[in-house]
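A.B. asks: Protein chains in written order, with the working numbering: chain X, 28 to 241; chain C, 28 to 241; chain D, 40 to 371; chain W, 40 to 371. Just dropping this structure here.
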Amino acid sequence: MSTTDTITIEGFTAWLAAFRDRVTEHRSYLTELDSAIGDADHGANMARGMAAVMEKVGASPATTADELFKTVGMTLVTSVGGASGPLYGTLFLRLGMTAGAVAECDAAALSSALRAGLDGVVARGKAEAGDKTMFDAMAPALDAMDAAIASGASLAEATAAARDAAAAGRDATEPLVARKGRASYLGERSAGHLDPGATSTALLFDALAEVTAS
Amino acid sequence: MSTTDTITIEGFTAWLAAFRDRVTEHRSYLTELDSAIGDADHGANMARGMAAVMEKVGASPATTADELFKTVGMTLVTSVGGASGPLYGTLFLRLGMTAGAVAECDAAALSSALRAGLDGVVARGKAEAGDKTMFDAMAPALDAMDAAIASGASLAEATAAARDAAAAGRDATEPLVARKGRASYLGERSAGHLDPGATSTALLFDALAEVTAS
Amino acid sequence: MKKLINDPDRVLADALRGIEAAHADLRVDHENRIIYRAIPKDHGTVALVSGGGSGHEPLHGGFVGFGMLDAACAGEVFTSPTPDQMQEATKTVDRGAGVLHIVKNYTGDVMNFEMAAELAAMEASVEVRTVVVNDDVAVQDSLYTAGRRGVGLTVLLEKIVGAGAEQGRSLDEVVALAEKVNADGRSMGMALTSCTVPAAGKPTFDLPEDQMEIGIGIHGEPGRHRVQMGTASEIAQQLVEPILGDLDFGSSPTIVMLNGMGGTPLIELYLMYGDVAAILEKHGVTIARSLVGNYITSLDMAGCSVTVLRADDEIVSLWDAPVETSGLRWGR
Amino acid sequence: MKKLINDPDRVLADALRGIEAAHADLRVDHENRIIYRAIPKDHGTVALVSGGGSGHEPLHGGFVGFGMLDAACAGEVFTSPTPDQMQEATKTVDRGAGVLHIVKNYTGDVMNFEMAAELAAMEASVEVRTVVVNDDVAVQDSLYTAGRRGVGLTVLLEKIVGAGAEQGRSLDEVVALAEKVNADGRSMGMALTSCTVPAAGKPTFDLPEDQMEIGIGIHGEPGRHRVQMGTASEIAQQLVEPILGDLDFGSSPTIVMLNGMGGTPLIELYLMYGDVAAILEKHGVTIARSLVGNYITSLDMAGCSVTVLRADDEIVSLWDAPVETSGLRWGR
Ligand SMILES: Nc1ncnc2c1ncn2[C@@H]1O[C@H](COP(=O)(O)OP(=O)(O)O)[C@@H](O)[C@H]1O
Ligand SMILES: Nc1ncnc2c1ncn2[C@@H]1O[C@H](COP(=O)(O)OP(=O)(O)O)[C@@H](O)[C@H]1O
Ligand SMILES: [Mg+2]
Ligand SMILES: [Mg+2]
Ligand SMILES: [Mg+2]
Ligand SMILES: [Mg+2]
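Okay, here's the thing in C-alpha cells:
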C-alpha cells in the first residue's frame with residue numbers, strides 16, 4: 028500500500044460534500060421512495076441534515092477524524108429527527124470514535140471505523156439482514172470492502188467494491204417485506220419498492236468511491 | 028270560450044305532478060346552474076319539495092282550489108327551506124287564496140290567481156325585473172298569458188303563450204348581473220349564467236301548458 | 040364524491056343522530072331537526088335561537104349550551120331551515136322573557152325566519168326579535184341588493200350576546216347588544232378548493248392548481264375574484280386589507296378569529312393566524328382575544344376567513360364569560 | 040399543492056409563530072421548537088413531555104396546559120423531533136418529581152426519545168421514565184418488527200395521565216397509570232384521500248374515486264388494505280370489528296373517540312360517530328364518555344379513526360377532571 032493510499036481530513040470533507048450533493052440532487056427521488064412505503068420525508072430529512080452538516084463543518088473545520096465526525100454525527104442527530112437522524116448520526120459518531128484523533132485513514136482503518144458505525148446503527152435500530160433497511164445496503168458494502176482489502180485492493184478499489192455492493196444491496200431490498208421502520212406497517216404491501224434508507228446509503232458509498240477514486 | 032276550456036282540480040293535480048316530474052328529471056341540471064352562481068342545491072330543493080307536495084296531495088286529495096294550493100304552499104314552505112321554499116310556497120298560497128273554493132278555473136281566473144301568487148313572491152322577495160330571479164320568468168309569462176286572453180285565446184293557447192314567455196324570460200336572465208338572492212354576491216361574475224329559479228319557473232309553465240294542451 | 044356518509048339524502052338525519060349520541064348535554068328533536076340544551080335556562084331569561092343550512096359545523100348546533108344558544112334549527116346542507124322548525128324552537132325555548140332570532144343575512148334564511156317570527160307572534164304570543172348578521176366585506180352593500188352575507192361574525196355574536204342573555208339582560212338590551220356587535224365586526228374569506236355538496240355529488244366549482252378564490256362565503260359559492268395563488272402572508276394581506284378599509288378599528292381592543300373552512304388542517308390555520316396577527320399589528324390594531332380553528336365551515340372546502348370585531352371592555356368581558364358548548368368551552 | 044403556507048421549509052417555524060400569537064397561556068421556545076405552559080405547574084409534581092412530528096395538530100402542542108402536558112416538542116412535518124429538543128424540554132419542566140416522556144411507537148420517535156432520556160439522565164440527573172403508546176390494531180404486533188403504531192389513544196392517555204400527575208401522584212404511579220391506559224386502548228383508522236406533505240409537494244399516494252385505505256396511521260402512509268369505498272356504516276364496521284376482535288371490553292365503561300384526519304368536515308365525523316356508537320352498542324359495549332372531532336390528524340388527509348378505551352371509575356373520573364388546553368378544555 029502506498030502512503031498516498033489514504034483518505035485525509037480534506038478527503039473526508041469532500042466525501043461529506045459529495046454525499047450532501049447527492050442527497051440534495053436526489054431529494055425528490057428519496058421522498059418518492061418514502062411516499063410509497065413511508066411518510067414522504069426521507070429526501071427532506073437527508074437534505075436538511077447534510078446541509079446542516081456542511082454548514083457546521085465549514086464554520087469550524089476539524090483537524091482530526093474524531094473531531095470531524097463527532098460534529099457530523101451530532102449535527103445529524105440534532106437536525107434530522109425521524110429514524111434516519113439517530114441512525115446516520117450514530118453511524119458517524121461511532122465511525123469517528125473508532126477512527127480516532129488521526130488526520131488520515133488507510134483502507135483498513137476506514138473500513139473498521141465504518142464497521143463500528145454499522146454496529147452502532149444495529150445497536151440503535153436492531154435491524155437484521157433482510158429487514159429492508161439501510162442495513163441491507165451498508166452491511167454488504169462493508170463486507171465487500173473488507174474482502175477487497177483482504178485480497179490486496181487499493182483504497183480506490185475497496186471503496187469501488189463497497190459502492191457496487193451497496194447498490195446491489197439497495198436493489199435487493201425491492202422484493203423484501205419490511206420488518207423494521209415505518210414500512211413494516213404496510214405488511215405485504217411494502218414489497219415491490221426500494222427502501223429509501225438503503226438508497227441513501229448507496230449514495231453515501233457512491234460518494235466515498237468518487238472522492239477516493241485514483 | 029267553451030265550458031271545457033277550464034282547468035279542474037284533476038288538472039291542477041296533473042300540473043303539480045308534471046312539475047314534480049320536470050324538477051326531478053332536471054334535478055342535476057338545476058343544481059348545476061345553482062353551482063355556477065349559487066350553492067348547488069336548487070335541484071335538490073325543488074325535487075324534495077315537489078316530492079313532498081305530491082305525497083301530501085295524494086294522501087288527502089282536495090276538492091277545491093284553495094284547499095289544494097294551501098296544502099301545496101304549506102308543504103313547500105315546510106319542506107324546502109332556502110329562498111325557493113318561501114317564494115314558491117307563497118306563490119301557491121296566494122294562488123289558492125285568490126282562486127278560492129272552486130273546483131275549476133277558466134283562463135282568466137287562473138291568470139289572476141297566478142298574478143296574486145306573483146305579487147306574493149314580490150312581497151316576500153322584493154325582486155324587480157332584471158334582478159335575475161324567478162321573477163324574470165314569472166312576470167313575462169303572466170303578461171303573455173293576459174295578452175293572449177285579452178285577444179280571445181283559449182286556455183291552451185294562453186298557457187302556451189305563458190310557457191314561451193317564461194322560457195324567453197329564463198333565457199334573458201343569462202347576461203344579467205344578479206341583484207337579489209345568493210347570485211348577487213358574485214357581482215359581475217354572475218353574468219353569463221342562467222338563473223336557476225327562473226329555469227325552474229319555466230318548467231312550471233311548461234308543465235301547465237302541457238296539462239292544459241287541447 | 041368521497042364522503043363518510045350513508046346516503047346523500049340522509050346526511051342531516053344521520054349527523055343529528057351522531058350529535059345526539061356524542062353530547063349528553065344536548066337534546067335533539069329529530070322530527071323538527073332542532074338541537075336544544077338538555078337543561079333549559081332559567082325562567083325569565085331571554086332565549087337565543089339560531090339556525091341555518093347544515094354543512095357549517097360546529098355552527099350552529101355546536102354553539103348550543105350555557106352561555107350561547109338555546110336552540111339551533113338545522114336545514115338541509117346549505118339550505119335554510121323552514122319556518123315551522125324555527126317556530127317550534129321559539130315556542131320551546133321561550134322562558135317568558137322573549138326570544139332573539141340570530142339570522143345570517145341570506146335571502147332564504149331571512150325569509151324563513153321572517154315567516155317563523157310571524158307565525159310565532161300570531162300563535163303563541165312569544166315576543167320575537169331578530170338580528171340579521173351581515174359582516175362580509177367581500178359583498179358590496181346596497182339598498183337594491185341582498186346586501187352583505189352573514190359569515191364569521193355570527194360565531195362571535197352568538198358567544199357575546201349569549202353571555203349577555205345569561206346575565207339576565209332584557210330582550211331590548213339583548214337586541215341592542217346584538218346590533219352593536221353586528222355593527223362593529225367585519226369578515227373576509229378565501230378558498231383554495233371548492234367543497235362538494237353531498238346531494239350535488241361533485242365540487243361546486245373547479246379551481247386550477249395555481250388559483251384561489253377571494254371573497255367567498257360559506258356555501259361553496261365562488262368568490263368575488265379568482266386570483267393567482269399566493270403565499271400565506273400575501274393571502275393574509277388580501278383578507279385583512281378589505282376589513283381595515285371598511286371599518287376604523289382605532290385603538291379599541293379587538294377580537295380576531297381565524298376560521299378554517301373545513302378542509303384546511305390546523306397547522307395551516309395557525310400559520311395563517313401568525314401572518315394575520317402580524318399584519319393587524321403593523322396597522323396598529325390591538326388584538327385583545329383570538330380564536331383559531333374551524334368554527335363556521337363550508338363542508339370540505341379548503342381555505343379560511345378572518346373576522347375582526349371592534350370591542351370594548353364590556354364586550355371583552357362578555358367574551359371571557361363562561362361558556363359550555365361543544366364548539367366553545369371555557370371558564371366554567 | 041395548494042396550502043396556506045409561505046415556504047414548504049418554513050411551515051413549522053411559521054406555525055409556531057401563529058400558535059404563540061394565538062395563545063397567551065402558552066410559551067413558545069422558537070429556537071428549540073418547544074411549546075410550554077406559560078405558568079409552570081407546582082414544584083414536586085410529575086411533569087409530562089410529549090412530542091412528535093408536526094402535521095398532527097392539535098396534537099401535541101394543543102394539549103399543553105393544565106391537566107395535560109407540560110411541554111410538547113415539535114419535529115418537522117411527520118418527522119420526530121430531535122433528542123436535544125426533548126432534553127431541553129425535560130430539563131425545563133422538571134419540578135423535582137421526575138418527568139414522563141409520552142412517545143408514540145415509531146422507530147424514529149422511540150430512538151430520538153431514547154437518546155434524549157440518556158442525555159437528560161446523564162446531564163441533569165432528572166428522573167425520566169417513558170411510556171410508548173402502541174394502540175393501532177391495523178398493525179400486526181411481533182417481537183421481530185417495529186410493533187404497533189401509536190395513534191389515537193395518545194390523546195386519551197395525555198388527558199388521563201395528565202390529570203393523574205396534576206393530582207400529585209408519584210412518578211411510579213404516573214408510569215403505572217400510563218401503562219394501564221396504553222394496555223386498555225385500541226384504535227383503527229381509514230383514509231378517503233392521501234395527505235400532501237408540504238416539503239414533498241404532492242400527495243403521498245393516489246387513491247381512485249371508488250377506493251379507500253383501511254388501516255392507516257397518521258403519517259399519510261398507505262394503509263394495510265385498499266378496498267372498495269363503502270357507506271359510513273360499512274366503514275364503521277370495518278373500524279370497530281378489528282378493535283373488538285383485539286380486546287375484550289366486557290361490561291366496563293368505555294371512552295370512545297371518533298377522530299378526524301384533518302380534511303374531513305365535522306358533519307361527517309358526527310355522522311360516522313352515530314354509526315360507530317350504534318355498532319358498539321349492538322356489541323354490548325357501554326360508552327361512558329365520547330369525543331368527536333379533529334384531535335390527532337394527518338395534515339389534510341380525509342378520513343377518520345376510532346379509539347376505544349376500556350375504563351373504570353377511576354379512569355372516567357380522571358377523564359372528567361378539569362383540563363385547560365387549546366385542544367381540550369372543560370371543568371375549570
Ligand atoms: N430499525 C431500523 N434500523 C435501520 N434502519 C432503519 C430502521 N428503521 C428505519 N430505518 C431506515 O430509515 C429509513 C427511513 O428514514 P426517514 O424516512 O428519514 O425516517 P422516518 O421513517 O422516521 O420518516 C428507512 O428507509 C430505513 O432504511
Ligand atoms: N329575492 C328574491 N326574489 C325572487 N326570487 C329569488 C330571490 N332570491 C332568490 N330567488 C330565486 O331563488 C333561486 C335560488 O333558489 P335556491 O337555490 O333553492 O335557494 P338558495 O338561494 O337559498 O340556495 C334563485 O335562482 C332565484 O331565482
Ligand atoms: Mg420517512
Ligand atoms: Mg341554492
Ligand atoms: Mg341554499
Ligand atoms: Mg418521518
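Don't be surprised by glycine CBs; every beta carbon is placed ideally from N, CA and C.
Mind checking whether the beta-carbon of residue 314 of chain D lies closer than 7 Å to any heavy atom of ligand 6?
C.D. replies: Mapped onto the third sequence, residue 314 of chain D falls at position 275. No.
A.B. asks: Examine ligand 1 and report whether any of its heavy atoms sits within less than 7 Å of the Cβ of residue 61 of chain X.
C.D. replies: In the first sequence, residue 61 of chain X corresponds to position 34, counting from 1. Checking every heavy atom of ligand 1 against the Cβ of residue 61 of chain X, one is found closer than 7 Å.
A.B. asks: With which residues is residue 140 of chain D paired in a DSSP beta bridge?
C.D. replies: Here residue 140 of chain D refers to the residue found at position 101 when the third sequence is read from its first residue. The partner list for residue 140 of chain D (beta bridge, DSSP) reads D/88 and D/169.
A.B. asks: Could you tell me whether any Cβ in chain D is nearer than 8 Å to the Cβ of residue 58 of chain C?
C.D. replies: As a position in the second sequence, residue 58 of chain C is number 31, starting the count at 1. Output row for residue 58 of chain C: interface = yes.
A.B. asks: Please tell me whether residue 225 of chain W has its Cβ less than 8 Å away from any Cβ of chain D.
C.D. replies: Within the fourth sequence, numbered from 1, the residue matching residue 225 of chain W stands at position 186. So no, residue 225 of chain W is outside the interface.
A.B. asks: Sorry if obvious, but does the Cβ on residue 68 of chain C come closer than 7 Å to a heavy atom of ligand 2?
C.D. replies: For the purposes of this step, residue 68 of chain C is taken as residue 41 along the second sequence, with counting starting at 1. Checking the Cβ of residue 68 of chain C against ligand 2 gives yes.
A.B. asks: Report the three-state DSSP secondary structure of residue 290 of chain W (helix, strand or coil).
C.D. replies: By 1-based counting over the fourth sequence, the position of residue 290 of chain W is 251. It is coil, neither helix nor strand.
A.B. asks: Between residue 189 of chain X and residue 221 of chain X, how many whole angstroms is the CB-CB distance? I'm expecting something under 8 Å.
C.D. replies: Position 162 of the first sequence, counting from 1, holds the residue named residue 189 of chain X. Position 194 of the first sequence, counting from 1, holds the residue named residue 221 of chain X. So it is not a contact: roughly 19 Å between Cβ atoms.
A.B. asks: Which full runs of the alpha helix (DSSP H) of 4+ residues lie inside the stretch 59-129 of chain D, going along the chain?
C.D. replies: If we require 4 residues or more, the stretch 59-129 of chain D turns out to have no alpha helix (DSSP H) run fully inside it.
A.B. asks: Give me the Cα-Cα distance between residue 213 of chain X and residue 202 of chain X, rounded to the nearest whole angstrom.
C.D. replies: As a first step, residue 213 of chain X is located in the first sequence; it is residue number 186 there, counting from the start. As a first step, residue 202 of chain X is located in the first sequence; it is residue number 175 there, counting from the start. Straight-line Cα distance between these residues: approximately 13 Å.
A.B. asks: Report yes if the C-beta distance between residue 218 of chain X and residue 197 of chain X is below 8 Å; otherwise report no.
C.D. replies: Within the first sequence, residue 218 of chain X is the residue found at index 191, counting from 1. Within the first sequence, residue 197 of chain X is the residue found at index 170, counting from 1. For residue 218 of chain X and residue 197 of chain X, no; Cβs fall outside 8 Å.
A.B. asks: How would you list, in chain order, the residues of chain D whose beta-carbon sits under 8 Å from the beta-carbon of residue 311 of chain W?
C.D. replies: If you number the fourth sequence from 1, residue 311 of chain W lands on position 272. Under the 8 Å cutoff, chain D gives 43 and 57.
A.B. asks: Within a Cβ cutoff of 8 Å, which residues of the same chain sit near residue 71 of chain W, ignoring the five residues on either side of it in sequence?
C.D. replies: Taking the first residue of the fourth sequence as position 1, residue 71 of chain W is located at position 32. Taken in chain order, the residues that qualify are 112, 123, 124, 127 and 128.
A.B. asks: Count the other CB atoms within 10 Å of the CB of residue 115 of chain C; is the residue buried (16 or more) or exposed (fewer)?
C.D. replies: Here residue 115 of chain C refers to the residue found at position 88 of the second sequence. So residue 115 of chain C counts as buried.
A.B. asks: Run through the stretch 302-357 of chain D for me and flag every whole beta strand (DSSP E) of 3 or more residues, listed as ranges in chain order.
C.D. replies: You should have 325-332 and 342-349.
A.B. asks: Taking 7 Å as the cut-off, is the beta-carbon of residue 146 of chain D closer than that to any non-hydrogen atom of ligand 2?
C.D. replies: Locating residue 146 of chain D in the third sequence gives position 107, counting from the first residue. Yes, the Cβ of residue 146 of chain D comes within 7 Å of a heavy atom of ligand 2.
A.B. asks: When you measure from the CB of residue 152 of chain C to every non-hydrogen atom of ligand 5, does any distance come out below 7 Å?
C.D. replies: What you label residue 152 of chain C is simply residue 125 of the second sequence in a count that begins at 1. No, since every heavy atom of ligand 5 falls outside the 7 Å radius drawn around the Cβ of residue 152 of chain C.
A.B. asks: Just to make sure I have the definition right: I need the residues of chain D whose C-beta is within less than 8 Å of the C-beta of residue 207 of chain C. Which are they?
C.D. replies: In the second sequence, residue 207 of chain C corresponds to position 180, counting from 1. Going along chain D in sequence order, the residues near residue 207 of chain C (Cβ under 8 Å) are 146, 184 and 185.
A.B. asks: Can you tell me whether DSSP reads residue 106 of chain X as helix, strand or coil?
C.D. replies: Here residue 106 of chain X is taken as the residue at index 79 of the first sequence, counted from 1. In this structure, residue 106 of chain X counts as helix in the three-state DSSP scheme.
A.B. asks: For the stretch 109-130 of chain W, which residues have a CB atom closer than 9 Å to at least one CB atom of chain X, in sequence order?
C.D. replies: Against chain X - using a Cβ distance shorter than 9 Å - the residues of the stretch 109-130 of chain W are 114, 115, 116, 117, 118, 119, 120, 121, 122, 123 and 124.
A.B. asks: Rounding to the nearest angstrom, what Cα-Cα distance links residue 305 of chain D and residue 248 of chain W in this structure?
C.D. replies: Translated into the one-based positions of the third sequence, residue 305 of chain D becomes position 266. Translated into the one-based positions of the fourth sequence, residue 248 of chain W becomes position 209. If you take the alpha carbons of residue 305 of chain D and residue 248 of chain W, they lie about 25 Å apart.
A.B. asks: When the cut-off is 8 Å and only beta carbons count, does residue 213 of chain X lie next to chain W?
C.D. replies: Here residue 213 of chain X refers to the residue found at position 186 when the first sequence is read from its first residue. By this cut-off, residue 213 of chain X is an interface position.
A.B. asks: Identify, in the order they occur along the chain, each residue of the same chain with its Cβ nearer than 8 Å to the Cβ of residue 356 of chain W, setting aside the five sequence neighbours on each side.
C.D. replies: If you number the fourth sequence from 1, residue 356 of chain W lands on position 317. Excluding positions up to five away in sequence, the list is empty.
A.B. asks: Using a Cβ-Cβ cutoff of less than 8 Å, which residues in the same chain neighbour residue 170 of chain D once the five nearest sequence positions on both sides are dropped?
C.D. replies: The count along the third sequence starts at 1 and reaches residue 170 of chain D at position 131. The answer, listed in chain order, is 139, 140, 141, 142, 196, 200, 214, 217, 218 and 221.
A.B. asks: Would a check of beta-carbon distances place residue 216 of chain X closer than 8 Å to chain W?
C.D. replies: Here residue 216 of chain X corresponds to residue number 189 of the first sequence, with the count starting at 1. Chain W, which has a Cβ nearer than 8 Å to the Cβ of residue 216 of chain X, makes this yes.
A.B. asks: Can you give the beta carbon distance from residue 345 of chain W to residue 226 of chain W, rounded, assuming they're within the 8 Å contact cut?
C.D. replies: Taking the first residue of the fourth sequence as 1, we reach residue 345 of chain W at position 306. Taking the first residue of the fourth sequence as 1, we reach residue 226 of chain W at position 187. So it is a contact: roughly 7 Å between Cβ atoms.
A.B. asks: Can you find the residues in the same chain that come closer than 7 Å, C-beta to C-beta, to residue 130 of chain C, ignoring five residues on each side of it along the sequence?
C.D. replies: Position 103 of the second sequence, counted from the start, is the residue given in the question as residue 130 of chain C. Here the set comprises 35, 36, 90 and 91.
A.B. asks: Please confirm whether any heavy atom of ligand 4 lies closer than 7 Å to the CB of residue 209 of chain C.
C.D. replies: Here the question's residue 209 of chain C lines up with position 182 in the second sequence. Correct: residue 209 of chain C has its Cβ closer than 7 Å to ligand 4.
A.B. asks: How many Å lie between residue 152 of chain W and residue 89 of chain W at the Cα?
C.D. replies: Here residue 152 of chain W corresponds to residue number 113 of the fourth sequence, with the count starting at 1. Here residue 89 of chain W corresponds to residue number 50 of the fourth sequence, with the count starting at 1. When rounded, the distance between both Cα atoms is 9 Å.
A.B. asks: Is residue 109 of chain C near ligand 4 - that is, is its Cβ less than 7 Å away from at least one heavy atom of it?
C.D. replies: Here residue 109 of chain C refers to the residue found at position 82 of the second sequence. Yes, ligand 4 has a heavy atom inside 7 Å of this Cβ.
A.B. asks: Does the distance between the C-beta of residue 232 of chain W and the nearest non-hydrogen atom of ligand 6 fall short of 7 Å?
C.D. replies: As a first step, residue 232 of chain W must be located in the fourth sequence, where it is residue number 193. No; taking the cut-off as 7 Å, the Cβ of residue 232 of chain W has no heavy atom of ligand 6 nearer than that.
A.B. asks: Is any heavy atom in ligand 2 found nearer than 7 Å to the beta carbon of residue 78 of chain C?
C.D. replies: Reading the second sequence from its first residue, position 51 is the one you call residue 78 of chain C. Not so, every heavy atom of ligand 2 lies at least 7 Å from the Cβ.
A.B. asks: If you measure beta-carbon to beta-carbon, which residues of the stretch 210-238 of chain W are closer than 7 Å to chain X?
C.D. replies: Listed by position, the residues of the stretch 210-238 of chain W near chain X (Cβ gap below 7 Å) are 236 and 238.
A.B. asks: Would you report the Cα separation of residue 195 of chain C and residue 33 of chain C, rounded to the nearest angstrom?
C.D. replies: In the second sequence, the residue the question calls residue 195 of chain C occupies position 168. In the second sequence, the residue the question calls residue 33 of chain C occupies position 6. Whole-angstrom Cα-Cα distance: 25 Å.
A.B. asks: Using only the heavy atoms of ligand 4, determine whether one of them is closer than 7 Å to the beta carbon of residue 114 of chain D.
C.D. replies: Here the question's residue 114 of chain D lines up with position 75 in the third sequence. No, the Cβ of residue 114 of chain D stays beyond 7 Å of every heavy atom of ligand 4.
A.B. asks: Taking 7 Å as the cut-off, is the CB of residue 157 of chain X close to at least one heavy atom of ligand 3?
C.D. replies: Residue 157 of chain X sits at position 130 when you count from the first residue of the first sequence. No, since every heavy atom of ligand 3 falls outside the 7 Å radius drawn around the Cβ of residue 157 of chain X.
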